[in-house]
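In the working numbering, the protein residues as written are 191 to 572.
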């Protein structure tokens with residue numbers, strides 16, 4: 191059984207009094223309680239002037255009641271005489287709010303796609319009285335775990351993670367560490383297949399497959415029967431292709447020409463762009479393709495004048511819908527686009543994590559896990 195709140199706070203006072211200062215994360219592990227439960231104790235004790243609190247560290251108050259074991263006994267006695275709540279009541283008060291919590295967020299970048307994701311998370315975290323700290327990976331191998339460990343070492347109570355998984359989900363033997371973290375964790379714009387350890391984590395992601403299918407359906411409604419999917423490979427691409435292929439099959443469409451086989455060795459960005467251009471030119475002139483979903487906006491904006499220079503008119507010969515909708519509306523002729531709900535993804539992920547942290551008892555194991563998929567929206571521009 192866990193000690194009641196008065197006993198636990200007496201232990202905290204004794205340990206701080208003996209050592210002078212101690213890291214909150216280390217103390218939670220030593221006492222066998224969750225960081226959230228301990229943080230509530232610390233807030234109450236600091237308000238009473240028993241300890242001093244700094245980010246991730248607590249220390250004794252010189253000359254105050256936290257001066258040693260005697261002070262601890264005094265605190266325990268005072269709490270007991272005042273009828274301090276039992277552990278059951280302590281758990282019931284866990285939902286009081288997220289004030290003082292620190293949320294760590296690991297993302298590849300704070301530019302482009304993830305700018306809105308981070309913005310949405312920050313708005314929710316700050317609105318609930320918590321603080322967001324961010325670690326960037328720049329898609330470097332192994333950097334996601336390094337950043338997660340760094341955020342934990344500085345006192346993060348929970349983590350929002352976007353690991354560097356090339357296909358948006360982990361490969362064989364990859365990513366199991368995400369399920370072994372000592373704090374509640376939510377995957378953001380990433381998913382893990384059934385059976386993988388990370389599949390049991392909370393996650394919030396865009397349903398990119400639905401977004402691709404929505405684009406295909408709209409183009410079919412405009413009379414197109416042969417539609418291509420084009421663009422460079424990103425972690426989003428596998429889900430886009432899955433939705434695209436499912437829609438083509440469900441709607442009984444004629445398949446677009448297959449992508450040419452990749453040559454030996456990795457291709458540069460310039461080579462990948464040229465490959466996309468060649469594919470689309472050939473698909474229109476010889477393959478009967480009359481419409482395309484292009485990922486992403488920036489590629490589409492660069493491709494269109496090059497297609498027109500090669501005799502492929504847009505939209506007369508090739509109707510285009512882009513995926514991401516970052517800058518599609520800024521093209522010379524504004525482009526229709528599918529927009530993932532990036533800001534809402536960040537907001538929902540942060541809210542889910544904060545709910546997990548402030549739930550009764552603040553325990554990671556309480557309550558069913560959630561897999562949330564938000565549907566992208568198609569915006570038609572003329």
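Just so you know, even glycine gets a beta-carbon here, dropped at the ideal spot from N, CA and C.
Taking residue i as the reference, which of the options has the closest Cα?
i           : options            : result
residue 229 : 215, 410, 304, 518 : 215
residue 328 : 296, 377, 488, 206 : 296
residue 356 : 396, 332, 425, 305 : 425
residue 289 : 547, 451, 572, 459 : 547
residue 473 : 484, 446, 451      : 446
residue 418 : 196, 212, 479      : 479
residue 346 : 205, 226, 509      : 226
residue 494 : 291, 476, 463, 532 : 463
residue 557 : 374, 428, 448, 440 : 374
Assign residue i to one of three DSSP states: helix, strand, or coil.
i           : result
residue 206 : helix
residue 271 : Per-residue confidence for residue 271 stands at a pLDDT of 37, beneath the threshold of 50, marking its modelled position as unreliable; no derived number is given.
residue 563 : strand
residue 299 : coil
residue 551 : With a pLDDT of 49 at residue 551, under the threshold of 50, the predicted position of this residue should be treated as unreliable, though the coordinate-derived value follows. If DSSP states are grouped into helix, strand and coil, residue 551 belongs with the helices.
residue 541 : helix
residue 557 : coil
residue 508 : coil
residue 282 : A caution first: residue 282 carries a pLDDT of 34, below 50, which makes its placement in the model unreliable, though a value can still be read off. The answer is helix: DSSP assigns residue 282 an H, G or I state.
residue 520 : helix
residue 376 : strand
residue 214 : helix
By the DSSP assignment, the alpha helix (DSSP H) with residue i in it spans what residues?
i           : result
residue 462 : 459–475
residue 485 : First-last for residue 485: 481–485, but that is the beta strand (DSSP E), not the alpha helix (DSSP H).
residue 408 : 398–411
residue 359 : Counting along the chain, residue 359 falls outside any alpha helix (DSSP H), and DSSP gives it neither H nor E.
residue 248 : Unbroken run through residue 248 is the beta strand (DSSP E), 247–250; no alpha helix (DSSP H).
residue 351 : Per DSSP, residue 351 belongs to no alpha helix (DSSP H); it is in the beta strand (DSSP E), 348–351.
Would residue i and residue j be called neighbours here (beta carbons separated by less than 9 Å)?
i           : j           : result
residue 564 : residue 334 : no
residue 575 : residue 549 : Given a span of 191 to 572 for the chain in the structure shown, any question on residue 575 remains unanswerable.
residue 395 : residue 381 : yes
residue 168 : residue 376 : Residue numbering for the chain in the displayed model covers 191 to 572; residue 168 lies beyond these limits and cannot be assessed.
residue 529 : residue 568 : yes
residue 340 : residue 325 : yes
residue 371 : residue 320 : no
residue 523 : residue 482 : no
For residue i, would you say it is in contact with chain C, using Cβ-to-Cβ distances shorter than 9 Å as the test?
i           : result
residue 224 : Protein chains in the displayed structure number just one, and chain C is not present.
Over the uninterrupted beta strand (DSSP E) stretch that includes residue i, give me the two end residues.
i           : result
residue 434 : Here residue 434 belongs to no beta strand (DSSP E); instead the alpha helix (DSSP H) covers 427–440.
residue 526 : 526–529
residue 330 : That residue, residue 330, is in no beta strand (DSSP E); it is neither H nor E in DSSP.
Cβ contact check for the segment 433–449 and the segment 499–506: 3 or more pairs under 8 Å: No, because fewer than three Cβ pairs between the segment 433–449 and the segment 499–506 fall closer than 8 Å, the two stretches do not touch.
Touching by the beta-carbon criterion (3+ pairs, under 8 Å), the segment 386–404 and the segment 358–372: Because the criterion of three Cβ pairs below 8 Å is met, the segment 386–404 and the segment 358–372 touch.
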